[in-house]
Amino acid sequence: MPSATSSVDTLLAALTEVCGLFETSVFRGQTRVVVPAERLPEVLSVLKDRGLDLLVDISCVDYLDYRDPPMQMPACAGHRYGLVYLLASTATNQRLTVRVFVDDPEPAVASAVPLWEAANWLEREVWDLFGIRFTGHPDLRRLVMPEEFTAHPLRKDYPLQGRGERHNFPVITRNER
Amino acid sequence: MAVTEFGKLELPENVVVSRLDALANWCRKNSLWPMPFATACCGIELMATGASKHDLSRFGAEVFRFSPRQCDLMIVAGRVVMKMLPVLQRIWLQMHEPKWCISMGACASTGGVFDTYAVVQGVDRFIPVDMYVPGCPPRPEQLIQAIIDLQDKIQREGTITGREFDTVSRQARKRALVEIADPRMIDASRNPVIQREITADAESFAGRS
Amino acid sequence: MSIAPPTFESTPRSAAAARSEDYLWTLNFGPQHPATHTTLRLVLKLEGERVVDAMPEMGYLHSGFEKIGEHLTFNQYVTVTDRMNYISPMANNVAWHHAVETLLGIELTPRCKVIRTIIAELARISDHLLSNGAVGLDTGAFTFFLYAFYQREVIYDIFETLCGARFTNSYTRVGGLSQDMTPLVVEKIRTFVKTFPKTLDDMEKLLTRNRIFVDRTKGVGVLTKEEAINRGASGPVARASGVTRDLRKDEPCLAYADYDFQVCCASAGDCYARYLVRMQEMRESLKIVAQAVESIPAGPVNVGIGQRTALPTKQQVYSTIEGTISHFELSMSNRGFEVPCEEIYAAIEAPNGELGFYIAGDGNETAYRARCRPPSVLHFAMFPHLIRGHTLSDVVAVLGSLNIIAAELDR
Numbered sequence: 005m006p007s008a009t010s011s012v013d014t015l016l017a018a019l020t021e022v023c024g025l026f027e028t029s030v031f032r033g034q035t036r037v038v039v040p041a042e043r044l045p046e047v048l049s050v051l052k053d054r055g056l057d058l059l060v061d062i063s064c065v066d067y068l069d070y071r072d073p074p075m076q077m078p079a080c081a082g083h084r085y086g087l088v089y090l091l092a093s094t095a096t097n098q099r100l101t102v103r104v105f106v107d108d109p110e111p112a113v114a115s116a117v118p119l120w121e122a123a124n125w126l127e128r129e130v131w132d133l134f135g136i137r138f139t140g141h142p143d144l145r146r147l148v149m150p151e152e153f154t155a156h157p158l159r160k161d162y163p164l165q166g167r168g169e170r171h172n173f174p175v176i177t178r179n180e181r
Numbered sequence: 011m012a013v014t015e016f017g018k019l020e021l022p023e024n025v026v027v028s029r030l031d032a033l034a035n036w037c038r039k040n041s042l043w044p045m046p047f048a049t050a051c052c053g054i055e056l057m058a059t060g061a062s063k064h065d066l067s068r069f070g071a072e073v074f075r076f077s078p079r080q081c082d083l084m085i086v087a088g089r090v091v092m093k094m095l096p097v098l099q100r101i102w103l104q105m106h107e108p109k110w111c112i113s114m115g116a117c118a119s120t121g122g123v124f125d126t127y128a129v130v131q132g133v134d135r136f137i138p139v140d141m142y143v144p145g146c147p148p149r150p151e152q153l154i155q156a157i158i159d160l161q162d163k164i165q166r167e168g169t170i171t172g173r174e175f176d177t178v179s180r181q182a183r184k185r186a187l188v189e190i191a192d193p194r195m196i197d198a199s200r201n202p203v204i205q206r207e208i209t210a211d212a213e214s215f216a217g218r219s
Numbered sequence: 007m008s009i010a011p012p013t014f015e016s017t018p019r020s021a022a023a024a025r026s027e028d029y030l031w032t033l034n035f036g037p038q039h040p041a042t043h044t045t046l047r048l049v050l051k052l053e054g055e056r057v058v059d060a061m062p063e064m065g066y067l068h069s070g071f072e073k074i075g076e077h078l079t080f081n082q083y084v085t086v087t088d089r090m091n092y093i094s095p096m097a098n099n100v101a102w103h104h105a106v107e108t109l110l111g112i113e114l115t116p117r118c119k120v121i122r123t124i125i126a127e128l129a130r131i132s133d134h135l136l137s138n139g140a141v142g143l144d145t146g147a148f149t150f151f152l153y154a155f156y157q158r159e160v161i162y163d164i165f166e167t168l169c170g171a172r173f174t175n176s177y178t179r180v181g182g183l184s185q186d187m188t189p190l191v192v193e194k195i196r197t198f199v200k201t202f203p204k205t206l207d208d209m210e211k212l213l214t215r216n217r218i219f220v221d222r223t224k225g226v227g228v229l230t231k232e233e234a235i236n237r238g239a240s241g242p243v244a245r246a247s248g249v250t251r252d253l254r255k256d257e258p259c260l261a262y263a264d265y266d267f268q269v270c271c272a273s274a275g276d277c278y279a280r281y282l283v284r285m286q287e288m289r290e291s292l293k294i295v296a297q298a299v300e301s302i303p304a305g306p307v308n309v310g311i312g313q314r315t316a317l318p319t320k321q322q323v324y325s326t327i328e329g330t331i332s333h334f335e336l337s338m339s340n341r342g343f344e345v346p347c348e349e350i351y352a353a354i355e356a357p358n359g360e361l362g363f364y365i366a367g368d369g370n371e372t373a374y375r376a377r378c379r380p381p382s383v384l385h386f387a388m389f390p391h392l393i394r395g396h397t398l399s400d401v402v403a404v405l406g407s408l409n410i411i412a413a414e415l416d417r
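Which chain is which? The protein sequence lines are A, B and C, in order.
Position 2 of the first sequence, counting from 1, maps to 6 under the working numbering, and the rest follow consecutively.
Position 189 of the second sequence, counting from 1, maps to 199 under the working numbering, and the rest follow consecutively.
Position 13 of the third sequence, counting from 1, maps to 19 under the working numbering, and the rest follow consecutively.
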């Protein structure tokens, strides 16, 4: 189990001092902070300066089909996409999860590439699979799906077996040289 | 009295050609050069088949050439996704005749566990396949058995000119399955349309035998 | 859908620089290529033999693993996690169930923890054998590759005796394992522990001080410590650059805290350092296995009936009422175990780096979102940075040393 909750508290206190109060919660020893989308760049840079120098992951959860009542983060109620930024510290082994919630027509958030180069491909993948734009990203293209693909597959309204794209190829028979 | 390409000979029909066919088939089957189209986990079992414990060079097939121009057997080992299929087709077209294809593993044969938006449900929908190897992944012994069976097939059916693939019966392609409309259905056989097809297949097979 | 080469105009560069680069030659190191790392694509811009720029492309094995995770139960999904890092599937199984058990708040039995530690370390040895074997094969050392594969066959034999499958085992279950470890397996592991160091010495004699290999890998693909942290490297790639982060020591899970082993680091950050780190890590893993296999605690391997997660034994089902109820609840598809409506992230030190799963539960026994955080994505993303200025033959050496597994990369 990840430990060092007390030192994460000092980190959160420092964050509150600089940026203001955000909603936090703890589950199974893991601390989550909910940040509004427009405050994200300054929060991430404050956290990076205070020692969380490793960006572990950027991912997203689509809450379209989520059951009621929602999980113990009242801030997530009503929003469709919840971005997840996982940060860690190589020096003190602390971990922190930053959550950002965005909504449907044109979901967009500022890019973390100026802070961590690791964010480059992670954000491209979130764009490819969920359709969330990262403003300021140097090269926002599809990463895992083909360039010609039009949908965002990991959204909940896209079916598991797809919409027939996987069958749409020419057939080669034996007499074709 | 047959006229062969070697001039007029007074021999029973096709004796020389069939002897040459048998010789050519024997040469070809014992020196298959595989083109390892290894994408995923089956690729590791393919490498293990070529390694020292289950040695594929006993069957003449150790020469894994990665250039399609130098190979005659393509082993599709692993799942093939939408993005990779044009590459697979291009490589198949670059191989010279006579060429054969082994579809190794469940994912290459039918899509395997991955009935998803990205995985092609069997490469035989898009390229002609000669031998299927079941397994996830198949043991190296299963792949070796498939190569032995393919060698038998080459011995039985090959011709010296490699024109055995021009006959009409070889051009029959696998009938594509009906596209499944319900996204939550993981098990395709529960779809009533597929069930009717499976029943029709079983009845027609029973009728033939 | 055809594969058109990607244009370089999408990367930011000045117009003057673009005009002067007209003489550069574009080479497509396509998704099908002679190096043993499958389905990666690199578009290289070469000036003669020197690589000026590289644009990596992935997605040629993207199978929708994360979407499948939303339709399969936790015990069914472990079969899919096998197919991620297919060189060391046991480690993926352990990682997945570690995440699920963190979400559910289950504490494992001591015997289960020790057995999972043993199989995770055997998977690490297996992975490093293939990774270094592939580096050897790609730089021309075929015998080294065959030695490595022979040792992997010995490990496959151990796994087959343990659970029936050579690899892609799906051995772990929620709250325990699918089968217990038998004395025959313990004997085989002891034999392996005795015979493996000699083979490792033989392999080292072939390559470690071999002039050709050292010249091909020393100073090639250097990754500094700051860049490693900035670009999110983990595992042997980061440790070879001086980042002393190993989740087995920093966030000990399973039984790692009980054993005496060292974290292997280097400071040079080049391909040779990564090769040496992996060789030494194999020895340390063998130390862990040797200690663990002598002290496997007795007792049950699955958690008790009260937890309502692992299937009870047949004796319990037939003779106790709790066993019957628990079996019924777990087997019926509209029941199953209770999952909190919460989200967690849990990671282990997989052979390739930090392999973590971010699971969102929603009360059902299928995950609402099962995100896999693969180490290979960030390693492949930093490839252009490592290869600039090196020659074409170094491309293969660097690619091999990063140990990028395409299935884990693309999921």
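Positions of the beta carbon are idealized from the N, C-alpha and C atoms, including for glycine.
Please read all numbers here as calculations on a predicted model, not as lab measurements.
The Cβ-Cβ distance between residue 286 of chain C and residue 265 of chain C does not fall below 8 Å.
Chain order gives no chain B residues near residue 177 of chain C, where near means a beta carbon separation below 8 Å; the closest approach is about 15 Å. The three-state reading of DSSP puts residue 61 of chain C in strand, counting E and B together.
Taken in chain order, the complete alpha helix (DSSP H) segments of 4 residues or longer contained in the region 48–116 of chain B are 51–60 and 95–104. Here residue 108 of chain A has 84 as same chain residues with Cβ atoms under 7 Å from its own Cβ, once five neighbours each way along the sequence are excluded. Contact between residue 153 of chain A and residue 146 of chain A is confirmed by a C-beta separation of about 7 Å, below the 8 Å threshold. Counting along the chain, no beta strand (DSSP E) covers residue 98 of chain C; the unbroken alpha helix (DSSP H) around it starts and ends at 95–110. Residue 356 of chain C has its alpha-carbon roughly 16 Å from the corresponding atom of residue 295 of chain C. Approximately 6 Å separates the beta-carbon atoms of residue 85 of chain B and residue 47 of chain B; this is inside 8 Å, confirming the contact.
Partner residues in the beta bridge of residue 34 of chain A, as assigned by DSSP, are A:31. Note on residue 101 of chain A: 16 or more other CB atoms within 10 angstroms of its CB, so buried under the neighbour-count rule. With respect to the C-alpha of residue 96 of chain A, the residue from C:141, C:67, C:252 and C:54 having the closest C-alpha is C:252. In the three-state scheme derived from DSSP, where H, G and I count as helix and E and B as strand, residue 51 of chain C is classed as strand.
Within chain A, the C-beta atoms nearer than 9 Å to that of residue 64 of chain C come from 125, 147 and 148, in chain order.
Distance from residue 161 of chain A to residue 379 of chain C at the Cβ level is roughly 25 Å; contact not present, criterion being Cβ atoms closer than 8 Å. Flagged as an interface residue toward chain B: residue 177 of chain A, by a C-beta distance shorter than 8 Å. With a cutoff of 8 Å on beta-carbon distance, residue 125 of chain A and residue 236 of chain C are scored as not near each other. Looking only at C:126, C:391, C:374 and C:202, the smallest Cα-Cα distance to residue 68 of chain A is reached by C:374. For residue 157 of chain A, the chain B residues whose C-beta falls within less than 7 Å of its own C-beta are 127, listed in chain order. A Cβ-Cβ distance of about 5 Å is found for the pair residue 94 of chain B and residue 66 of chain C, placing them in contact under the 8 Å criterion. Ranking C:114, C:132, C:224 and C:76 by CA distance to the CA of residue 97 of chain C puts C:132 first. The alpha carbon of residue 174 of chain A has as its nearest neighbour, out of B:134, B:112, B:147 and B:154, the alpha carbon of B:134. Think of a sphere of 9 Å around the beta carbon of residue 116 of chain C: no beta carbon from chain B falls inside it, the nearest being about 32 Å out. A straight-line Cα-Cα distance of about 14 Å links residue 317 of chain C and residue 82 of chain C.
Here residue 124 of chain B is near residue 70 of chain C, since their CB atoms are less than 8 Å apart. Under a 10 Å Cβ-count criterion, residue 150 of chain B is classified as buried, with 16 or more other Cβ atoms of the shown protein chains found around its own Cβ. Comparing alpha carbon positions, the residue from B:67, B:118 and B:36 closest to residue 44 of chain B is B:67. Spanning the alpha carbons of residue 144 of chain A and residue 249 of chain C requires a straight line of approximately 29 Å.
Note on geometry: alpha-carbon atoms of residue 310 of chain C and residue 114 of chain C lie some 9 Å from one another. Taking a beta-carbon distance threshold of 8 Å, residue 26 of chain A does not count as an interface residue toward chain C. Residue 30 of chain C and residue 58 of chain C have their C-alpha atoms some 8 Å from each other.
Counting only runs of 3+ residues, the beta strand (DSSP E) found wholly inside the region 72–127 of chain A occupies 85–92, 99–106 and 112–114, in chain order. Linking residue 61 of chain C to residue 322 of chain C through their CA atoms gives a straight-line distance of about 59 Å.
For the region 135–158 of chain B, the residues whose beta carbon sits under 9 Å from a beta carbon of chain A are, in order, 135, 136, 137 and 138.
For residue 364 of chain C, the beta-bridge partners assigned by DSSP are C:351 and C:377. The beta-carbon separation of residue 84 of chain C and residue 178 of chain C, rounded to 6 Å, stays under the 8 Å limit for a contact.
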